[in-house]
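In the working numbering, the protein residues as written are 2 to 433.
For each residue, glycine too, the CB sits at the ideal point set by N, CA and C.
Note that the coordinates shown come from a computational prediction; the quantities given were computed from them, not determined experimentally.
Following this line, the structure appears as structure tokens:
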């Protein structure tokens, strides 16, 4: 049953803001986002929806979307969850503005069955969660997989695309791990840490102008650097006693064992395997397994090492709190030349800024806000207030300009000091 067969439906011209490449996959995702919004508002969606795409522009797609009653249209459009859906014209007799009429006559209608697009995650964060699930499946089935190259590189492609779409949301995902996952009964540290490191590596290597193919192998190495000890890594996360025992007996062979396992599982890339072997080497020669010094460590391994150090510092465990973003950044500076190469550290710090996306801050008006992206200056990021001065959660986050004295940042707030659920999708989709 299509919308055209329902007499009560009204055609509405809407504008949707693109979130991915302008191709058929993109249109599927865009349509799915719209349909999800409609169903979330309690409006039934038929088995097939017929839409008319009028125009693709750099920042918008215009399409005719059949909906029913006016009040439902208003409910969808005015919902703070659906800022990407904007009505341009809703008169029944004339739904197409004059400047779009010629395009409307030449563009055919397209039918996209809902089941054809239902598996596509709706948000950046949904896509990262899907990556985690895919990597988890690879780790769980490692014994039965003959060649992991293709499935891992497919994940790398997705990571590169996600980082292209919204770098700030990617940084926030890493920074806010403690807040996003504090209610999880079982936290899969090895899995999430691998994905966090891979995301950070892509941001650094892209900014460092590495070729895309080489960047892909750096991501792959970050995803699999601890492949020989994933289960043990989770135990170390949950138990300080296990960590101390591991440090005493030694976990130093795991980089070499990991590279050997990768070769056994079909990985032919020397770069991929070499990065895994060297990801714990340090510029001052105190690393392992070979105790290499700076010039003998491949640059890509030094990038993975930085990501590994940073992500482990901002992640809380059962026996330690995660560092504030500013503390983790300061630690990166302190480790320059000893554990981290200076030029890589400088690139990384430029990427995340003084107040990285995902940082909680106290504003001058005593609201607690979350940083969503960098602003015009290092001290004036874009933030959304989530807690009012009375320490009550705001139903809808409010965008604040930190360049205004009333909303200037007073200090960084640890995640442990707040007890609310932050709608990350809502906040970052507004920033998309």
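Next on the checklist: Which runs of the beta strand (DSSP E) at least 3 residues long sit entirely within the region 388-417? Give them in chain order.
Outcome noted: For the region 388-417, whole beta strand (DSSP E) runs of length 3 or above, ordered along the chain, are 394-402 and 410-413.
Item to check | Sequence-distant residues of its chain with Cβ nearer than 8 angstroms to residue 404 (five each side left out) | outcome: One-based indexing of the chain shown puts residue 404 at position 403. Excluding its 5 nearest sequence neighbours in each direction, residue 404 has C-beta neighbours in its own chain below 8 angstroms: 376, 377, 378 and 381, listed in chain order.
Item to check | Nearest neighbour of residue 167, chosen from 195, 131, 145 and 125 [CA to CA] | outcome: Position 166 of the chain shown, counted from the first residue, corresponds to residue 167. It is 125.
Next on the checklist: Can you tell me which residues form a DSSP beta bridge with residue 285?
Outcome noted: Counting from 1 along the chain shown, the entry for residue 285 is found at position 284. Paired residue(s): 294.
Next on the checklist: At the 7 angstroms Cβ level, is residue 224 part of the contact set with chain B, yes or no?
Outcome noted: The structure shown contains no chain B, having only a single protein chain.
Checklist entry - Tell me, which residues are paired with residue 370 by DSSP? => result Taking the first residue of the chain shown as position 1, residue 370 is located at position 369. Answer by DSSP bridge pairing, in chain order: 362 and 386.
Next on the checklist: What does the alpha-carbon distance come out to for the pair residue 204 and residue 410?
Outcome noted: Taking the first residue of the chain shown as position 1, residue 204 is located at position 203. Taking the first residue of the chain shown as position 1, residue 410 is located at position 409. Cα-Cα distance, rounded: 26 angstroms.
Item to check | Neighbour-count burial assignment, residue 396, 16 or more Cβ in a 10 Å radius | outcome: The residue given as residue 396 occupies position 395 in the chain shown. Burial is judged here by how many other beta carbons sit within 10 angstroms of a residue's own beta carbon; residue 396 has fewer than 16 and is exposed.
Checklist entry - Which of helix, strand or coil does DSSP assign to residue 428? => result Residue numbering aside, residue 428 sits at position 427 when the chain shown is read from its first letter. When secondary structure is reduced to three states using DSSP, residue 428 falls in the helix class.
Next on the checklist: Using a Cβ-Cβ cutoff of less than 6 angstroms, which residues in the same chain neighbour residue 170 once the five nearest sequence positions on both sides are dropped?
Outcome noted: Within the chain shown, the letter at position 169 stands for residue 170. Cβ neighbours of residue 170 within its own chain (closer than 6 angstroms, five residues either side excluded): 125 and 429.
Next on the checklist: Quick check on DSSP: helix, strand or coil for residue 320?
Outcome noted: Residue 320 sits at position 319 when you count from the first residue of the chain shown. Annotation note: pLDDT 36 at residue 320 (below 50); position unreliable, coordinate value reported separately. Coil at residue 320, not helix or strand.
Next on the checklist: Along the chain, where does the alpha helix (DSSP H) containing residue 277 start, and where does it finish?
Outcome noted: In the chain shown, residue 277 corresponds to position 276, counting from 1. In the DSSP assignment, residue 277 falls within the unbroken alpha helix (DSSP H) covering 271-279.
Checklist entry - Who are the Cβ neighbours of residue 289 in its own chain at under 8 angstroms, not counting the five residues just before and after it? => result Within the chain shown, the letter at position 288 stands for residue 289. Close CB contacts of residue 289 within its chain, under the 8 angstroms cut and outside five residues either way in sequence, are with 253, 256, 281 and 282 (chain order).
Checklist entry - Of all the options 278, 148, 279 and 217, which has the alpha carbon lying nearest to the alpha carbon of residue 160? => result Taking the first residue of the chain shown as 1, we reach residue 160 at position 159. Comparing alpha-carbon positions, the option among 278, 148, 279 and 217 lying closest to residue 160 turns out to be 217.
Item to check | Proximal residues to residue 374 (C-beta, below 7 angstroms), its chain only, five neighbours per side dropped | outcome: By 1-based counting over the chain shown, the position of residue 374 is 373. Once the five neighbours on either side are set aside, the close Cβ partners of residue 374 are 169, 358, 382, 383 and 432.
Checklist entry - In three-state DSSP terms, what is residue 259? => result The count along the chain shown starts at 1 and reaches residue 259 at position 258. Residue 259 sits in a helix when the DSSP states are folded into three classes.
Item to check | residue 169 (DSSP reduced to helix, strand or coil) | outcome: Stepping through the chain shown from its first residue, residue 169 is reached at position 168. Three-state DSSP puts residue 169 in a helix.
Item to check | Beta-carbon contacts of residue 258 that lie in its chain and below 6 angstroms, excluding the five residues immediately before and after | outcome: Residue 258 sits at position 257 when you count from the first residue of the chain shown. Excluding positions up to five away in sequence, the list reads 229.
Checklist entry - Taking C-beta to C-beta, are residue 421 and residue 394 nearer than 7 angstroms? => result Taking the chain shown and counting its residues from 1, one reaches residue 421 at position 420. Taking the chain shown and counting its residues from 1, one reaches residue 394 at position 393. It is a contact, given that the beta carbons lie within the stated cut-off.
Checklist entry - By DSSP, does residue 127 sit in helix, in strand, or in coil? => result The sequence position of residue 127 within the chain shown is 126, counting from 1. In the structure shown, residue 127 sits in a helix (DSSP, three-state: H, G or I).
Checklist entry - Which value, in whole angstroms, describes the spacing of the CA atoms of residue 297 and residue 213? => result Translated into the one-based positions of the chain shown, residue 297 becomes position 296. Translated into the one-based positions of the chain shown, residue 213 becomes position 212. So the alpha carbons of these two residues sit roughly 23 angstroms apart.
Item to check | Of the listed residues 293, 360 and 391, nearest to residue 385 (C-alpha basis) | outcome: Taking the chain shown and counting its residues from 1, the one referred to as residue 385 is at position 384. Cα-wise, what sits closest to residue 385 is 360.
Item to check | For residue 190, the first and last residue of its enclosing alpha helix (DSSP H) | outcome: For the purposes of this step, residue 190 is taken as the residue at position 189 of the chain shown. Where residue 190 is concerned, the enclosing alpha helix (DSSP H) stretches over 190-208.
Checklist entry - Roughly how many whole angstroms lie between the Cα atoms of residue 180 and residue 302? => result On the chain shown, position 179 is the one that residue 180 refers to. On the chain shown, position 301 is the one that residue 302 refers to. Cα-Cα distance, rounded: 29 angstroms.
Next on the checklist: Comparing C-alpha positions only, which one of 348, 308 and 356 sits nearest to residue 195?
Outcome noted: Numbered from its first residue, the chain shown carries residue 195 at position 194. Measuring from the Cα of residue 195, the nearest candidate turns out to be 308.
Item to check | CA nearest to the CA of residue 148, picked from 264, 277 and 305 | outcome: Along the chain shown, read from residue 1 onward, the residue named residue 148 stands at position 147. Sorting 264, 277 and 305 by C-alpha distance to the C-alpha of residue 148 places 264 at the top.
Item to check | Spatial distance of residue 154 from residue 408 (CA atoms) | outcome: Counting from one through the chain shown, the residue named residue 154 turns up at place 153. Counting from one through the chain shown, the residue named residue 408 turns up at place 407. Going by the C-alpha atoms only, they are around 44 angstroms apart.
Next on the checklist: My output table needs one value for residue 268: the three-state DSSP class, helix, strand or coil.
Outcome noted: For the purposes of this step, residue 268 is identified with residue 267 of the chain shown, where counting begins at 1. Residue 268 falls in the coil class under three-state DSSP.
Checklist entry - Could you check where the alpha helix (DSSP H) with residue 211 kicks off and where it finishes? => result The sequence position of residue 211 within the chain shown is 210, counting from 1. First-last for residue 211: undefined, no H or E at that position.
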